[in-house]
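Heads up: take any position in the sequence shown, counting from 1, add 1135, and you land on this note's numbering.
Just so it is clear, CB atoms sit at the ideal spot from N, CA and C, and this is done for glycine as well.
No experiment lies behind these values; they were computed from the predicted model shown.
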Amino acid sequence: MSTFAAPLSIPATPPRLPSRVLVTGGAGFIGSALVWALNGLGIERIVVTDRLGRDEKWRNLVPLRFEDYLEADDLMAPLERGALGNFDLVLHLGACSATTELDASYLAKNNFEVTKHLAHWALGHDVRFVYASSAATYGDGAQGMDDRNNSTAGLSRLRPLNAYGYSKHLFDQYAAAMGVLPNVVGLKYFNVYGPNEAHKADMRSLVHKAHGQIQETGRVTLFKSHRPDFADGEQRRDFLYVKDAVAMTLHLAMTPTAGGLYNIGSGEANTWLQLTGALFSALNRVPAIDFIDMPESIRAKYQYHTQADIAKLRAAGYTAPVTPLGDAVRDYVQGYLANDRRLGD
């Protein structure tokens, strides 16, 4: 039975705490949320790696507690020679997560090769390895969104729609082919939103983007539907609050019997209209929505319906309720966006 509390608060102490943790991508959205949640469990022996660059991702780290920070390109050499000390858990969130990135070679190196290298190190040193895959590996969902078939044959039927999704799919397939997938945990995150995503530019959630639009104009812009079976705004996504995402992640990381791929989602499909309605409600405003044509460049790759089957996660002992959409949006808007706060502030 899961020992995590409802994720609007920091999770309660799980049965098996790691003593020292490496978090890659630890200044990023989900990565920094994981450091925050680890801090809430009393864990501060954490080494964070990332590429801080020129955006304000560094602000996510300011309220957090950890031992050391390294730029991502400086990680593997000292790790392999033992200069960074011992770890018993690697949370590998470091990746380029832009679904619009067209440089497939860059994605292959950054998302596949680095993950492969780090996984081999972790497995060779008996270190628990948990990595971010993506729901983008499922493509348009024609082959289902089932995380239970982790065989090479099952995974080979998936057809990602963009290079980002394919770069994540490559490692899932590699781990399965090498026979190590049951010994690691791969997390197929669905549409995660919440605090610490401000630096993500166009990859920010609709909640963050629309909050800014409402502050400026009082209105929100959504894409029209270009399929007759979906009305405008009725396209559906599995929206998951980041606090739920990290609670699910840490449960699996700290459950030794968990292995393979897991969907990390709410298990529900909500429409864009429901999401924007929750946002207007959190701001005590009357909804005002305009619909515009979807750009031609993304129409063929657009997902009209995503919904995570989280039965495998539940079977692994995660019993905490998923935060209802309205409650999660209210927590995000009133607790963070209204005052430009980060997790831990």
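Host beta strand (DSSP E) of residue i (start-end)
i	result
Y1437	That residue, Y1437, is in no beta strand (DSSP E); it is neither H nor E in DSSP.
V1225	1224-1227
T1287	First-last for T1287: 1287-1291, but that is the alpha helix (DSSP H), not the beta strand (DSSP E).
D1185	1181-1185
N1326	1326-1328
T1356	1355-1358
G1452	That residue, G1452, is in no beta strand (DSSP E); it is neither H nor E in DSSP.
L1205	1203-1206
Nearest residue (CA-CA) to residue i, options the options
i	options	result
T1234	R1180, A1162, G1274	G1274
P1363	S1240, D1466, Y1439, N1174	Y1439
G1110	Y1397, K1378, M1313, F1415	This structure gives no information on residue 1110, because the portion of the chain shown stretches from 1136 to 1480.
L1176	P1153, T1272, A1162, D1185	P1153
N1405	R1371, A1380, L1418	R1371
V1457	Q1469, I1349, M1383	M1383
L1375	L1169, A1239, N1326, A1298	N1326
V1377	G1188, L1169, L1387, D1203	L1169
A1100	V1381, K1303, G1276, S1286	Only positions 1136 to 1480 of the chain appear in this structure, which leaves residue 1100 out of reach.
Integer-rounded CB distance, given that residue j should sit under 8 angstroms from residue i
i	j	result
L1228	G1321	Rounded, the Cβ-Cβ distance is 12 angstroms, inconsistent with contact.
V1183	L1173	Actually they are not in contact, since the Cβ atoms of V1183 and L1173 sit about 10 angstroms apart, beyond 8 angstroms.
L1387	Y1397	6 angstroms
Residues near residue i in its chain [Cβ-Cβ closer than 8 angstroms; skip 5 each side]
i	result
V1315	A1254, L1258
V1156	L1173, I1178, R1180, I1181, V1182, F1222, D1223, L1224, V1225, L1226
G1353	R1420, A1423
P1213	L1205, L1219
K1251	F1306, Y1309
R1476	P1330, G1470
The alpha helix (DSSP H) enclosing residue i, as first and last residue numbers
i	result
I1349	1341-1352
F1306	1298-1312
R1465	1460-1470
Residue-chain proximity (residue i, chain B), Cβ-Cβ < 8 angstroms
i	result
T1287	Although the question refers to chain B, the structure presented lacks it and comprises just one protein chain.
Neighbourhood of residue i by C-beta, 7 angstroms cutoff - its chain only, sequence neighbours within 5 removed
i	result
S1144	Note on S1144: pLDDT 48, under 50, position unreliable in the model; the coordinate value appears next. The answer is none, since no qualifying residue turns up.
H1334	D1190, E1191, K1192
R1186	E1206, A1207
A1345	V1355, T1411, L1414
W1171	L1199, L1478, G1479
P1317	G1394, G1395
Same chain only: Cβ atoms within 6 angstroms of residue i, ignoring 5 sequence neighbours per side
i	result
G1461	A1413
G1402	A1443, I1445
N1474	none
Query raised in the report: Do the region 1377-1397 and the region 1449-1461 meet, that is, are 3 or more Cβ pairs less than 8 angstroms apart?
Result: With a cut-off of 8 angstroms, the region 1449-1461 and the region 1377-1397 count as touching, because enough Cβ pairs lie within range.
Requested in this report: Could you say if the region 1287-1307 and the region 1337-1348 meet the contact criterion of at least three C-beta pairs nearer than 8 angstroms?
Outcome: Counting Cβ pairs under 8 angstroms, fewer than three are found: no touch.
Query raised in the report: Does the region 1356-1373 come close enough to the region 1420-1439 that 3 or more CB-CB pairs lie under 8 angstroms?
Result: yes
Query raised in the report: Is the number of C-beta pairs between the region 1304-1314 and the region 1426-1435 that are closer than 8 angstroms three or more?
Result: no
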